[in-house]
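Q:
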Amino acid sequence: MQKVVLAYSGGLDTSVAIKWIQEKYNMEVVTLTVDVGANDRDLNSIRERALEIGAVEALVRDVKEEFVKYFIWPALQAGAIYEGEYPMATALARPLIAWNLVQIARQEGASAVAHGCTGKGNDQVRFDISVNVLAPDLKIIAPVREWRMTRDEEIKYAHQKNIPLQDVSKKHYSVDQNLWGRSVEAGVLEDPWNEAPEDAYAWTAGPETQPNEPQYLEIDFERGIPVALDGERLDGVTLINRLNELGGKHGVGRIDHLENRLVGIKSREIYEAPGAVILHKAHNWLEDMTMTKEAARFKTKVAAEYADLVYNGLWFSPLHQDLAAFVASSQRYVTGTVRVKLFKGTVAKAGSKSPKSLYNFALATYDTGDQYNHEASTGFINIFGLSLRNQSQIQLAGSTQEQMLSLASPEEPEKQ
Ligand code: ARG
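For the sequence shown, position 311 (counting from the first letter as 1) is numbered 310 according to numbering that gives the first Met the number 0, and the numbering increases by one without interruption.
1. Does the beta-carbon of A90, which I'm using as the reference point, lie nearer than 7 Å to any heavy atom of the ligand ADP?
2. Whose C-alpha, out of W202, A157, A323, T299, is nearest the C-alpha of W72?
3. Please name the residue, chosen from V59, D39, L42, that lies closest to L31 on a Cα-to-Cα basis.
4. Would you say E268 touches the ligand ARG, meaning its beta carbon is less than 7 Å from a heavy atom?
5. Cβ atoms of T117 and S182: under 8 Å apart, would you say?
6. Report the rounded CA-to-CA distance for R144 versus D190, giving the unit in angstroms.
7. Quick check: the Cα distance between E153 and N240, rounded to an integer number of angstroms?
8. Find out if the Cβ-Cβ distance for the pair S129, R93 is shorter than 8 Å.
9. Find out if the Cβ-Cβ distance for the pair Y172, A157 is shorter than 8 Å.
10. Run the CB neighbour count on W192, radius 10 Å, all protein chains shown included, and call it buried at 16 or more, exposed below.
11. Could you check where the alpha helix (DSSP H) with R105 kicks off and where it finishes?
12. Any heavy atom of the ligand ARG inside 7 Å of the beta-carbon of D307?
13. Per the contact definition of three or more C-beta pairs closer than 8 Å, is the region 283 to 290 in contact with the region 348 to 356?
14. Is it true that the CB of L137 sits closer than 8 Å to the CB of V416?
15. Closest by CA to L313, which one among E51, D61, F70?
16. State the Cα-Cα distance for the pair G53 and G252, rounded to the nearest angstrom.
17. With distances taken between CB atoms, is the gap from D219 to G115 smaller than 8 Å?
18. Less than 7 Å between the CB of D175 and some heavy atom of the ligand ARG, yes or no?
19. Determine the extent of the alpha helix (DSSP H) in which V15 is found, giving its start and end residues.
20. Heavy atom of the ligand ARG less than 7 Å from the Cβ of V183, yes or no?
21. By DSSP's criteria, N177 is part of a beta bridge. Which residues make up the other side?
22. Given that a residue counts as buried once 16 or more other Cβ atoms are within 10 Å of its Cβ, and exposed if not, what is Q402?
23. Is any heavy atom of the ligand ARG found at a distance shorter than 7 Å from the C-beta of D255?
24. With a threshold of 8 Å, are at least 3 pairs of Cβ atoms found where one atom belongs to the region 211 to 231 and the other to the region 330 to 344?
25. Tell me the rounded alpha-carbon separation between G397 and L385.
Right under this line is the structure:
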């Protein structure tokens, strides 16, 4: 019998998928549950459930370290925030899950992999394209995209087939979470006029329960990678977990994003990403201090491209390789310490310092010690403004002050 490796979360969709694939495709199902962190799930009971439903084998893999090293840190260094709002916890985890599916498929001699994505989202694109690149010969089965059952029909199917389910009734949001953040959609959030209810949030405190005292925190970066909190060196997983906890306590990292999915749909998403929000801000503040103006401007453009390609499922692509090389190189001076203040849902800068700082007191100060050449400024302005002085003399000679004020041209184009 042929084998398929199914990415298994333990939820309704993928539980039903185990049975459905067996019946529809007559294949043996191996489940793979990938631990990308911050899971509130008991991995052991997930394993047992898979076997109980009929998986021939149920595997669990802890990939948190790889997730941080190959996905989260590079995305942080890149400043990759989709549409300026979403730090992409979900988007970043998908290619890593796909990579693990392929590894297990090879190990098990499987001819296919399967995932529980619907046909409306970005995640199917991320899985399918990643698998296509990594293992073009593997077939991809996406039961939820294929079976077209409603949620109630799924639950009925589960009862008919004796599939043990947990808490299917109380689920009114669709949630995906990992170390880098929590993504929440559906239910009352589908009306963008509805304020997200407090029960959409699980990691961050609302205004009522946030502490009344701010918390200061020092984050050390080496070449764009956070390595210590308050002077204590930490591995990435611990550092991010700790920031999620501290930030969450102060309500930092709530994001309400009406985003553009790749498949053409606008979607209202709630994200909680305290660690990601704190680290992106702190990292950016350190770049302000250590990067030249030109490098920083150019990197902003790269960041937007990078975020788009990650969001759009093109992780394993040559363009990504090229952008990643630029990003890695751009980080060689991004070493130093940022002091942040967490308070009432905000993360503010309290200070920054770096051995590679380009901030030059002697140039910046208005006090004694000023080494800036003031006379040179007039020469600079003379040249910098030359083209506009020339234009003004030739083309604005007949303008009234009124026209100048309203940016109107004295040369109204002729109306035909
Ligand atoms: N819209 C986000 C993305 O495409 C998050 C999707 C989260 N999935 C979920 N089942 N809640 O990355």
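C-beta: ideal position from N, C-alpha, C; glycine also.
A: Quick answer:
1. For the ligand ADP, the structure offers nothing, since it holds only the ligand ARG.
2. As a working mapping, residue 72 is identified with position 73 in the sequence shown. That would be A323, whose Cα lies nearest to the Cα of W72.
3. As a working mapping, residue 31 is identified with position 32 in the sequence shown. It is V59 whose Cα lies nearest to the Cα of L31.
4. Your numbering for residue 268 matches position 269 in the sequence shown. True, at least one ligand heavy atom lies under 7 Å from that Cβ.
5. If you number the sequence shown from 1, residue 182 lands on position 183. If you number the sequence shown from 1, residue 117 lands on position 118. Not in contact: S182 and T117 (Cβ atoms no closer than 8 Å).
6. Counted from its first residue, the sequence shown places residue 144 at position 145. Counted from its first residue, the sequence shown places residue 190 at position 191. If you take the alpha carbons of R144 and D190, they lie about 24 Å apart.
7. Position 154 of the sequence shown, counting from 1, holds the residue named residue 153. Position 241 of the sequence shown, counting from 1, holds the residue named residue 240. If you take the alpha carbons of E153 and N240, they lie about 35 Å apart.
8. By one-based count along the sequence shown, residue 129 stands at place 130. By one-based count along the sequence shown, residue 93 stands at place 94. Cβ atoms of S129 and R93: closer than 8 Å.
9. In the sequence shown, the residue the question calls residue 172 occupies position 173. In the sequence shown, the residue the question calls residue 157 occupies position 158. Contact: no.
10. Within the sequence shown, residue 192 is the residue found at index 193, counting from 1. W192 comes out exposed.
11. For this step, residue 105 is matched to residue 106 along the sequence shown. Its alpha helix (DSSP H) spans residues 88 to 107.
12. Position 308 of the sequence shown, counted from the start, is the residue given in the question as residue 307. The ligand ARG never approaches D307 closely enough for any of its heavy atoms to be under 7 Å from the residue's Cβ.
13. Contact between the region 348 to 356 and the region 283 to 290 is present: three or more C-beta pairs spanning the two stretches fall below 8 Å.
14. The structure shown does not extend to residue 416, since the chain is modelled only from 0 to 415, so the question has no answer here.
15. Here residue 313 corresponds to residue number 314 of the sequence shown, with the count starting at 1. The residue with the shortest Cα to Cα distance from L313 is F70.
16. As a position in the sequence shown, residue 53 is number 54, starting the count at 1. As a position in the sequence shown, residue 252 is number 253, starting the count at 1. About 40 Å.
17. Residue numbering aside, residue 219 sits at position 220 when the sequence shown is read from its first letter. Residue numbering aside, residue 115 sits at position 116 when the sequence shown is read from its first letter. Going by C-beta atoms, D219 is not nearer than 8 Å to G115.
18. Residue mapping note: residue 175 aligns to position 176 of the sequence shown, counting from 1. Yes, Cβ of D175 sits closer than 7 Å to a heavy atom of the ligand ARG.
19. Working through the sequence shown from its first residue, we reach residue 15 at position 16. V15 -> alpha helix (DSSP H) spans 11 to 24.
20. In the sequence shown, counting from the first residue as 1, residue 183 sits at position 184. Relative to the non-hydrogen atoms of the ligand ARG, the Cβ of V183 comes within a distance shorter than 7 Å of at least one.
21. Residue 177 sits at position 178 when you count from the first residue of the sequence shown. Bridge partners of N177: G180.
22. In the sequence shown, the residue the question calls residue 402 occupies position 403. By the 10 Å Cβ count, Q402 comes out exposed.
23. Translated into positions along the sequence shown, residue 255 becomes position 256. Because no heavy atom of the ligand ARG lies under 7 Å away, the Cβ of D255 does not count as near it: no.
24. By the Cβ rule, the region 211 to 231 counts as touching the region 330 to 344, because three or more pairs are nearer than 8 Å.
25. Position 398 of the sequence shown, counting from 1, holds the residue named residue 397. Position 386 of the sequence shown, counting from 1, holds the residue named residue 385. G397 and L385: Cα-Cα distance of roughly 20 Å.
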